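Colleague: A single structure is presented below for examination.
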Amino acid sequence: MIQSLISRRDMLTRSAAGFGMLGLASVLSDERRAVAESTLSNDPLAPKAPHFAAKAKHLIFLFMNGGPSHVDTFDPKPELVKQAGKPGPGGNYMPSPFKFQQRGESGLPISEIYPHLGEYMDDLCVIRSMFTSTPNHEPGLFMMNSGTQQPTRPCLGSWLNYGLGTENQNLPGFVVLCPGKPVVGPALWSNSFLPGIYQGTHINNGQLDPKKIISHINNKHLPPIEQRRLLDLMQRMNKEHLAARGADNQLEARIGSLEMAYRMQFEAQDAFDITRESETTRTLYGPGQFADGCLIARRLVERGVRTVQLFYGSGQPWDAHGDIKDHVRDAKQSDQAIAALIRDLKSRGLFDETLILWGGEFGRTPTAQGVTGRNHHATGFSMWLAGGGVKGGMAYGATDELGVKAVENRMSVHDLHATMLHLLGIDHTKLTYRYSGRDFRLTDVHGEVAHSILA
Amino acid sequence: MRHVLRCVAFVIFCAVTTAVLNAAEASLAPTAEQLEFFEAKIRPVLVKHCYECHSTKLAAPRGGLRLDDREAVLKGGDSGPIIVAGDLKKSPLLEALKYESLEMPPKGKLPAVVIADFEQWVKMGAPDPRVAASTTKTFGPQPATLKQPPSAHWSFQKLTNPPPPNVKNAQWPQSDIDRFVLAKLEAAGLQPVAAADRRTLIRRASFDLIGLPPEPEQVAAFLNDLASDSDAFAKVVDELLRSPHYGERWGRYWLDIARYGEDQAHTFKARNYPQGYLYRDWVVKAFNDDLPYDQFLIEQIAGDLVTHDRPVHERIPALGLFALGPVYYQDNGEKDKALADEWDDRVDTLIRGTQALTISCARCHDHKFDPLTMADYYGLLGIFASTQYQERPAVPQEVVLAKQQAEAALKEQQLEVDRFLATQARNVREKLIPEIPQYVGGAWRVMNSLKKKANEKKVVTDVAKLLKLNEDLLRRWVAYLEEKPDSGTVKAERPYLDGWRELKKQQDANVDLSDDKAALAAVTAIGETLRQQAELAAATSASPTAGPSEAKEVTLSSELFSDKGLLAIPATDVGRYLTGEPATQLASLNKTRDERKQATDTIKILMAHAVADGQGADMPVYLAGDPRKKGPLAPRSFPAILRNGDSTPFQSTGSGRLELARAIASPDNPLTARVFVNRIWAGHFGAGLVRTPSNFGTLGERPTHPELLDWLAARFIESNWSMKSLHREIMLSATYRLSSSPSATSNPQATDADNHLLWRMNRRRLEVEPWRDSLLAVVGNLDRTLGGPSSNLSNGNNQRRTLYGFVSRHQLDDLLRLFDFPDPNITAGQRTVTTVPLQQLFVLNSEFMVAQSRAFAARLNREASTDDLRVHRAYALLFNRSPSPNELQLGLDFLATTKSESAKLAILEQYALALLGSNEFAFVD
C-alpha cells in the first residue's frame, strides 16, 4: 500500500508542477478516501437522523430582546380599558394605546403596529400563555436561550447542532446575527459543556462585508489559485506524514477539514452577500439592519444551516420602561422584514420546513410604569411560532382578562423548548449529553410538548 | 452537632411516622362511605390529572412522587410527605392544588369544588384502598447495573498498595508500572509495540512537560548521548522538569479544573478579577516548586487559616480557586437562588476536581447512584455560605506595615501643611484687595447667568474657573451682593454698596447682562471704588484682620477681613498669596509632603482576590433544591463515605474550610490521590486509567488497571505527594516510551483499538496552548517571560504564551474557543477534541499564521543560504528531523516556482505557512 501511495504521489507531484486543483479526493488513495469520508460522516456536525420524522428542518429564532409587551402586540385586553387607572400589580392598569385588528380568515387579532405581519396571521400560532421564571433581563435571557438562569448550560441552538448536525458543512451550523451585542452577549449562544464546535457563530449584521463577516473567511494575501497550490503542498506533506503512520482518524479528519475550510471560504462569502439578491427582493424586505438580518437568515436556511438566531438589536431595544409607544419604532423596523421573510420562504418552498419563533425574554406589565411605560413581566406573555409543523391562524393558551397571568394552557419556557424540539424531530427527553456524571437535557427534568398546536 | 441533627431528624421522622401510622390505622378499615367518596371524588381526578407524571409505572416520576398507591401517597416525594392524614395545614398537596406553592396540576387549576373534595378527603384521614403496585420501588430510576451496595464501589475502598505482578517477558519492563501493564497485555495475548526512537521521545517529552518542541541542539545532544536509552532519557526528563515552563504547561491543566476566569459571563454589576492572574501565577509556581499536592490543595482551600512556615501572603493568592468563581445576577429577588448557585459552583468545582464525585446531584435529592446524601451536600454548602469574598494583600506583612507607616507619615505632614496655612490665612487677606473688582464682576456674572440656568453651584464653579477666582469666596460675594432680605446678615446701611444697588435697580430683572460691555464697565467701576475704599479701610485700621468677627458694628473692614469675611480666603488657597519667609517655609513643608507622598506611592500593595471566614453557620437543606423550602439544618461536615464512615460534624467556629482541606488532603481519603494520579496519567497518555477523570462514582468508568492506579497513588503519597516524582516515575517506564504507531507484526488494533491496555502510545493533537506557543517558538517570536497580568490574545503583537491570555467568561477569545478550550464558567476535567473547518480557516487565513509564516521565512533566510539548506533547517526546527528525499524534493520544487503579482506572500513564506499548518506540527507521536 505504501508503494502505491508513493507512486501515486509521484504522479501527483508531476501533475502539480502546474497549478493543479487537487482536492481531498486527489490527495488520498482510494482506501484512504473511504476512511476519510467515513470519518467525515462521523463529523460531529454531519447531519444526523432525528428521533422521528421532523416537521421542520431549520429554526429561525427572531429574538425581540428587551421584552415586547404582549398586551400591545398579540394579546388584546379590552378589560384594561375598563380598569384603566385602577391599581394592579406593580402600578395602575394601562390600556394599550394601540388598536387591534382581526386579520386573515382566522380573524386572529394583531396590534396596528404590525400592518405587514397582519397579512400572515393565518400562518401564525400565537402562544398567549407563556410564562418564565424571572422578570429580570440577564437571568431571563439565559432562561429563554438555555433553559436555566445561570450561564452554566448549552443554549438551544447548540443543542440543535449537537442533536441534528447541519446540512451544509461549508457554513457554520448555528449562526447568530446581531448588530452589536444583546445584553449578556456571547454566553447566550454558548455551547457550555457541549464540544466547542456547537457554539453559535456570531455575525454582526450591522457591518455586512462578506469578506469580514466570519473570522478568517477571506485570505487577504493570496489569490485563490495560489492558495489552492499552497494547500496542495500542505496536503501532500500531510499525506507523507499519514503514510508513515498508518490509518489514523484524527489525522484524516484534519486533512478533510482543511479541504472543507477551503471551500467554505467561497460558499460562506456568497451566503452572506445580500447584494446578490434582486432589487425586488431587497425592496420586499425593506431597509435596515434587521431586514438585512432576515434576508441573510433566509439565505442561510436555504443553504442548509440548521439554526439562525436573529437578535432584533444591540442592547435591549424592546425594554420600553419610559414609553410603550417606543414599540412603534421597533415594530416598524421589523414588521415589513418579518412579513417578507415569511412570504419569501413560502415562495421558495422553505416555509414548511422552517420553524420561525418570535419573542423576547419576557413580556411587559399590563400596568403602567411611570406615566406611559411598562415594566418587565414574567407571569404571562406572548410568543409566536410559524412554519414547519405549526398550526397557523390560532391562539394557544390565554392570560387572564387583564393580561397579568397565564391561566389557560400555560406554557413554560421548557414546554416551549420541548415543543420546538419536537417539531424538529427530537424527543426532548432523549436529547441528552453526559456531563458531570449525569445526562443533561435542554429541558432539564421539565417540559411538555404542546400537541394541540402541531399541524 | 451532626449527632444532634440525626436525633432531631429522628424525632421528626418519628412524629411523621406516627401521624402516618395513625392515618394508616385509620385507613386500615375505611368505611364504605369513605371508600365511596374516594372512588367518586378522588381517584378519577388522580387518574386524569396526576398519573401522567406521578405513577409507579414511570421510571422517573416527577419529583419522586407517585400517586397511584396508598403507601406511595403517604410517603410523599423528594420534598417530603405531601399529606398528613387529618391535618390540612401539614398537607402541602392542598397548597399545590390551590396554586399557593407549587402549581398542580400544571395545566390548569382544578375547580374549587374539587379542591374542597381533597380537603375533605385529607380530613377524613385520606382513606385509600389502592394496594402498592410495587412495594420495593424507591424514588427514581434504579441502575440495573448495580449489583452491590454503592458503598462497596471500588473508589470508596481504602487505597491498597498491591505488589507488581509477575510477567512472562521479564526483559521488557523498565519499571513496576510496566509489570502492571504487561501483565494485562499478556493476559489478553497482546504484546507492546516497539519503543519510540530517541527523536520521537524527546519531542514527546518536551511537548508533554513544557508544551514546546525541543531545540535542534537538545535533540542532537540526546541522539549523541552514549549513555543507555534509559539513562539518557532520564537526563532529558530531569532537565525538562527543572524548566520554569513546566509549571506553565501543567498549571494550565489545573486551571481547567479550577474553571479559571477573570470576569463574569453577565455584565450587570458583574464582579471582575483584574488581579486574577495572581492565582494563575500561584498555580504555575506551585507546580514549578513541586509543592506537595496535599499542601497544594490545603492552601487553595484554606491557605489563610493554616499555620505553616510559608508566609501567609504567598498562600493568599491560592484562595483564588474559590474567590475567582463565577457570581451571578443578584438583583430584584434573584439573590437567594443566585447565592445557592454560586455555592453550588464552589462545591461542584472542588469535589469534582479533587474527589471526582458528582455531589451536585445531591442538591435536589440524595444522590441516586453514589452514597452521597442531601445532608452531605448541604453540609459542604454551609462551609461556603460561611465564607466571604475578600480582597487581601498578596505582599509580605512588612510591606503592608511599611505602607501604613508611610501613609501615616504622609497624613501627618499634610496636617502640618494645613496648620501652617491656617496660621497664615489672616495675614494674606489684605493681599486679596486688588482682586475685589474681579470678585464683584464674577458675582455679577453669576447672578445674571442664573436668570437662564438653575444650577447655582455649577454656575459659580464655572465662573470661578473662568475668572480664576476662589470658588468659596465667589459664593460669599454672590450671597453678599444679592442682599437677600433673609440672608441673616446683620442689618447695615452699607453706604459703600449704593453704587451697586443703583446699577441693579436700573437692570431689567429678566435680562441676562453677563456679557454686556456697558454693564461690565459699570460693574468694574463699582468694584474699583470698593477696592479703593478697602485699601483705605486697611490703611486706617491698625490691624484690620484682627477685628472681631462678631463685631456689632458692621463696617466694610469687618465685612472684608473678618474670619468669614469676603476676603478670608480658605487655608487651602492661601499658598499662592505668600511671599518671603512664609513662602519659603511653605515650600519646605510641601517638599517634605511630596517626598512622603512619593514614598507612599512607591510601596505597591497588590491585592489578591481571596476569601475570608465569616461567622460559621450551618445551612438548612433546601428541599428539592429550592431555596424557598428550608428543611432541617445540615451540620458542616465532609461526606462520611470519604472518611472511614466518620460523620462527626466540623467543630470549627469559623467556616470549616480548614477541616474540609484536611479531610480532602488526607492520605486516608480514598479518592484524592487516585483522582490526581489519574489526571497526571491522562496528561501523559491522552487518556486516564479511569477514562472519566472527573467521575469516579458508580456511573463513571472502571479503571482499566485498578492495581496500577492504586500502586501509583500509594507511591505518590509515599513520595510526599511529589508531582515531579510522579511524572518521572511515569515517563521513565517502557510503557510511556512506546511508539505511537501500530506494530508491523502484531495487530492489537483488532482486539483493543482504543488502546485501553496500553500496547502503544496514543497519538495526540496538541491543545491550543502548546500549538500556538510552539508556532511562536519555532519561528523565533515567543516571549518567554513568566507570569504577570493577562493580555489579549487577539492582539496581533501578543507573543506571550497562551497561558497568559485573558480568560473571559463573558466572551472567550475566538482562538481559544475555536480550538476546544473549555468554557471557564464551569469546571472541566478533560477537553473535547474537535476537528472542524473553522479551525482550518484560522490556519489558512489568519493574520497570526501569516505573521508567523513571514517570521519563519525570515529566520530560514537568516540561518540558511540555499533552498536545500532552508528546507533542512525548517524540518529541524519544526519537526526535529531531516526531510525525507520526497519531502525535500517537494520543498525544492515549490520553492523553485514564482509567485503571482497579486500574491502578498513570497514563495518561501507560502512554504513556511504550509509547514506550520501541517498535521505533523499539530500532533505529537
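Chains G and W, in that order, give the protein sequences.
Going by this note's numbering, the first residue of the first sequence is number 28, and it counts up by one from there.
Going by this note's numbering, the first residue of the second sequence is number 101, and it counts up by one from there.
Don't be surprised by glycine CBs; every beta carbon is placed ideally from N, CA and C.
Since the structure is predicted, the reported quantities are computational estimates derived from the model, not experimental observations.
Which runs of the beta strand (DSSP E), 3 residues or longer, sit entirely within the region 390–415 of chain G?
Modeller: Segments of the beta strand (DSSP E) lying fully in the region 390–415 of chain G: 408–414.
Colleague: Taking ASN265 of chain G as the query, report the chain W residues whose CB atoms sit under 7 Å from its CB, ordered along the chain.
Modeller: The residue given as residue 265 of chain G occupies position 238 in the first sequence. Chain W residues near ASN265 of chain G: SER1018, ASN1019.
Colleague: Consult DSSP for GLU491 of chain W and reduce its assignment to one of helix, strand or coil.
Modeller: Within the second sequence, numbered from 1, the residue matching residue 491 of chain W stands at position 391. In the structure shown, GLU491 of chain W sits in a strand (DSSP, three-state: E or B).
Colleague: Tell me whether the beta-carbon of LEU613 of chain W lies closer than 8 Å to the beta-carbon of ASN548 of chain W.
Modeller: Position 513 of the second sequence holds residue 613 of chain W. Position 448 of the second sequence holds residue 548 of chain W. Against a cut-off of 8 Å, the Cβ pair of ASN548 of chain W and LEU613 of chain W comes out as a contact.
Colleague: So, at 8 Å on beta carbons, what are the nonlocal neighbours of LEU1008 of chain W in its own chain, with the 5 sequence-adjacent residues on each side left out?
Modeller: Within the second sequence, residue 1008 of chain W is the residue found at index 908, counting from 1. The answer, listed in chain order, is ALA957, LEU960, ASN961, ARG970, LEU995.
Colleague: Hey, would you say ASP471 of chain G sits closer than 8 Å to GLY174 of chain G, going by beta carbons?
Modeller: The residue given as residue 471 of chain G occupies position 444 in the first sequence. The residue given as residue 174 of chain G occupies position 147 in the first sequence. Yes. Within cutoff.
Colleague: Between the alpha carbons of ARG446 of chain W and PHE127 of chain G, how many angstroms are there, rounded?
Modeller: Taking the second sequence and counting its residues from 1, one reaches residue 446 of chain W at position 346. Taking the first sequence and counting its residues from 1, one reaches residue 127 of chain G at position 100. Approximately 51 Å between the Cα atoms of the pair.
Colleague: Just the Cα atoms here: how many angstroms apart are VAL560 of chain W and VAL546 of chain W?
Modeller: For the purposes of this step, residue 560 of chain W is identified with residue 460 of the second sequence, where counting begins at 1. For the purposes of this step, residue 546 of chain W is identified with residue 446 of the second sequence, where counting begins at 1. Taking the straight line from one Cα to the other gives about 6 Å.
Colleague: According to the neighbour-count rule (16 or more other Cβ atoms, all chains shown, within 10 Å of its Cβ), is LEU1013 of chain W buried or exposed?
Modeller: Your numbering for residue 1013 of chain W matches position 913 in the second sequence. Buried, since its Cβ has 16 or more Cβ neighbours within 10 Å.
Colleague: Would a check of beta-carbon distances place ASN986 of chain W closer than 8 Å to chain A?
Modeller: Included in the structure are the protein chains G and W, with no chain A among them.
Colleague: Excluding the 5 residues preceding and the 5 following LEU689 of chain W in the sequence, name in chain order all residues of the same chain whose CB lies nearer than 8 Å to its CB.
Modeller: Residue mapping note: residue 689 of chain W aligns to position 589 of the second sequence, counting from 1. If we look at LEU689 of chain W and ignore the five residues flanking it on each side, its Cβ neighbours are GLN513, GLU516, VAL517, PHE520.
Colleague: Would you mind reading off the limits of the beta strand (DSSP E) that contains SER510 of chain G?
Modeller: For chain G, the structure presents residues 28 to 482; residue 510 of chain G sits outside this window and is missing.
Colleague: Three or more beta-carbon pairs under 8 Å between the region 80–90 of chain G and the region 377–385 of chain G, yes or no?
Modeller: Touching, yes.
Colleague: Let me make sure I understand the geometry here. Which of G:GLY464, G:GLY474, G:HIS449, G:LEU221 has the alpha-carbon closest to that of LEU918 of chain W?
Modeller: Translated into positions along the second sequence, residue 918 of chain W becomes position 818. Among G:GLY464, G:GLY474, G:HIS449, G:LEU221, the Cα nearest to that of LEU918 of chain W is on G:LEU221.
Colleague: What whole-angstrom Cβ distance do ASP362 of chain G and TYR141 of chain G have, given they're in contact under 8 Å?
Modeller: The residue labelled residue 362 of chain G in the question sits at position 335 within the first sequence. The residue labelled residue 141 of chain G in the question sits at position 114 within the first sequence. Yes, ASP362 of chain G and TYR141 of chain G are in contact; Cβ-Cβ is about 5 Å, under 8 Å.
Colleague: Suppose you measure from the CA of TRP577 of chain W to the CA of ALA637 of chain W; what does that come to, to the nearest Å?
Modeller: Here the question's residue 577 of chain W lines up with position 477 in the second sequence. Here the question's residue 637 of chain W lines up with position 537 in the second sequence. Roughly 18 Å between the two C-alpha positions.
Colleague: Does SER1026 of chain W pass the burial test, meaning 16 or more other C-beta atoms within 10 Å, or should it be called exposed?
Modeller: Because chain W in this structure spans residues 101 to 1025, residue 1026 of chain W falls outside the shown range and cannot be described.
Colleague: Given that GLN234 of chain G touches chain W, what residues does it touch there, using C-beta distances under 7 Å?
Modeller: Here residue 234 of chain G refers to the residue found at position 207 when the first sequence is read from its first residue. Within 7 Å Cβ-Cβ: nothing; GLN234 of chain G doesn't reach chain W, min ~16 Å.
Colleague: Nearest-angstrom Cα distance between GLN400 of chain W and ALA386 of chain W?
Modeller: For the purposes of this step, residue 400 of chain W is taken as the residue at position 300 of the second sequence. For the purposes of this step, residue 386 of chain W is taken as the residue at position 286 of the second sequence. GLN400 of chain W and ALA386 of chain W: Cα-Cα distance of roughly 11 Å.
Colleague: Identify, in the order they occur along the chain, each residue of the same chain with its Cβ nearer than 8 Å to the Cβ of TYR353 of chain W, setting aside the five sequence neighbours on each side.
Modeller: Counting from one through the second sequence, the residue named residue 353 of chain W turns up at place 253. Counting only Cβ-Cβ distances below 8 Å, and skipping sequence neighbours, we find ARG779, GLY783.
Colleague: TRP385 of chain G by DSSP, collapsed to three states: which one?
Modeller: Here residue 385 of chain G is taken as the residue at index 358 of the first sequence, counted from 1. Three-state result, TRP385 of chain G: strand.
Colleague: Can you give the beta carbon distance from GLU294 of chain G to ASN197 of chain G, rounded, assuming they're within the 8 Å contact cut?
Modeller: Here residue 294 of chain G refers to the residue found at position 267 of the first sequence. Here residue 197 of chain G refers to the residue found at position 170 of the first sequence. That belief holds up - the Cβ atoms of GLU294 of chain G and ASN197 of chain G are roughly 4 Å apart, short of 8 Å.
Colleague: To the nearest angstrom, how far is it from the Cα of ALA283 of chain W to the Cα of GLN455 of chain W?
Modeller: Position 183 of the second sequence, counting from 1, holds the residue named residue 283 of chain W. Position 355 of the second sequence, counting from 1, holds the residue named residue 455 of chain W. ALA283 of chain W and GLN455 of chain W: Cα-Cα distance of roughly 28 Å.
Colleague: Over the uninterrupted alpha helix (DSSP H) stretch that includes ASP616 of chain W, give me the two end residues.
Modeller: Locating residue 616 of chain W in the second sequence gives position 516, counting from the first residue. Taken as a continuous stretch (DSSP letters only), ASP616 of chain W belongs to no alpha helix (DSSP H), as it is neither H nor E.
Colleague: Could you give the C-beta distance for TYR360 of chain W and LEU424 of chain W, rounded to a whole number, given that I count them as a contact under 8 Å?
Modeller: Mapped onto the second sequence, residue 360 of chain W falls at position 260. Mapped onto the second sequence, residue 424 of chain W falls at position 324. Sure, about 6 Å apart at Cβ, within 8 Å.
Colleague: Name the residue from W:LEU194, W:VAL213, W:PRO727 whose alpha carbon lies nearest to the alpha carbon of ALA226 of chain W.
Modeller: Here residue 226 of chain W corresponds to residue number 126 of the second sequence, with the count starting at 1. Nearest of W:LEU194, W:VAL213, W:PRO727 to ALA226 of chain W, Cα basis: W:LEU194.
Colleague: DSSP state of HIS465 of chain W, grouped into three classes?
Modeller: Residue mapping note: residue 465 of chain W aligns to position 365 of the second sequence, counting from 1. Coil.
Colleague: Starting from PRO727 of chain W, trace the alpha helix (DSSP H) both ways and give me its first and last residue.
Modeller: The sequence position of residue 727 of chain W within the second sequence is 627, counting from 1. No alpha helix (DSSP H) holds PRO727 of chain W; DSSP gives it neither H nor E.
Colleague: Could you check which residue in W:THR792, W:PRO889, W:ALA773, W:THR473 has the C-alpha nearest to that of ASN820 of chain W?
Modeller: Taking the first residue of the second sequence as position 1, residue 820 of chain W is located at position 720. It is W:ALA773.
Colleague: Relative to the C-alpha of GLY208 of chain W, which residue among G:GLY115, G:SER156, G:ASP150, G:ASN119 is closest?
Modeller: Indexing the second sequence from 1 puts residue 208 of chain W at position 108. Checked all of G:GLY115, G:SER156, G:ASP150, G:ASN119; the closest Cα to GLY208 of chain W is G:SER156.
Colleague: Report the neighbours of LEU486 of chain G on chain W: residues whose CB is nearer than 7 Å to its CB, in chain order.
Modeller: The question about residue 486 of chain G has no answer here: the residues shown for chain G are numbered 28 through 482.
Colleague: From G:HIS444, G:ALA445, G:HIS473, G:PHE378, pick the residue whose C-alpha is nearest to that of ALA83 of chain G; which is it?
Modeller: On the first sequence, position 56 is the one that residue 83 of chain G refers to. Ranking G:HIS444, G:ALA445, G:HIS473, G:PHE378 by Cα distance to ALA83 of chain G puts G:PHE378 first.
Colleague: Could I get the ranges of all uninterrupted beta strand (DSSP E) runs contained in the region 654–716 of chain W, with 3 residues as the minimum, in chain order?
Modeller: Those beta strand (DSSP E) runs which fall completely within the region 654–716 of chain W and span 3+ residues are 707–713.
Colleague: From ARG631 of chain W to ARG371 of chain W, what does the alpha carbon distance come to, in whole angstroms?
Modeller: What you label residue 631 of chain W is simply residue 531 of the second sequence in a count that begins at 1. What you label residue 371 of chain W is simply residue 271 of the second sequence in a count that begins at 1. The alpha-carbon atoms of ARG631 of chain W and ARG371 of chain W are separated by roughly 58 Å.
Colleague: If we require 3 or more residues per run, which beta strand (DSSP E) segments fall completely within the region 149–186 of chain G?
Modeller: DSSP runs (the beta strand (DSSP E)) wholly in the region 149–186 of chain G: 151–158.
Colleague: Using beta carbons (cut-off 8 Å, strictly below), is GLU294 of chain G in contact with chain W?
Modeller: Position 267 of the first sequence, counting from 1, holds the residue named residue 294 of chain G. No, its Cβ sits nowhere closer than 8 Å to a Cβ of chain W.
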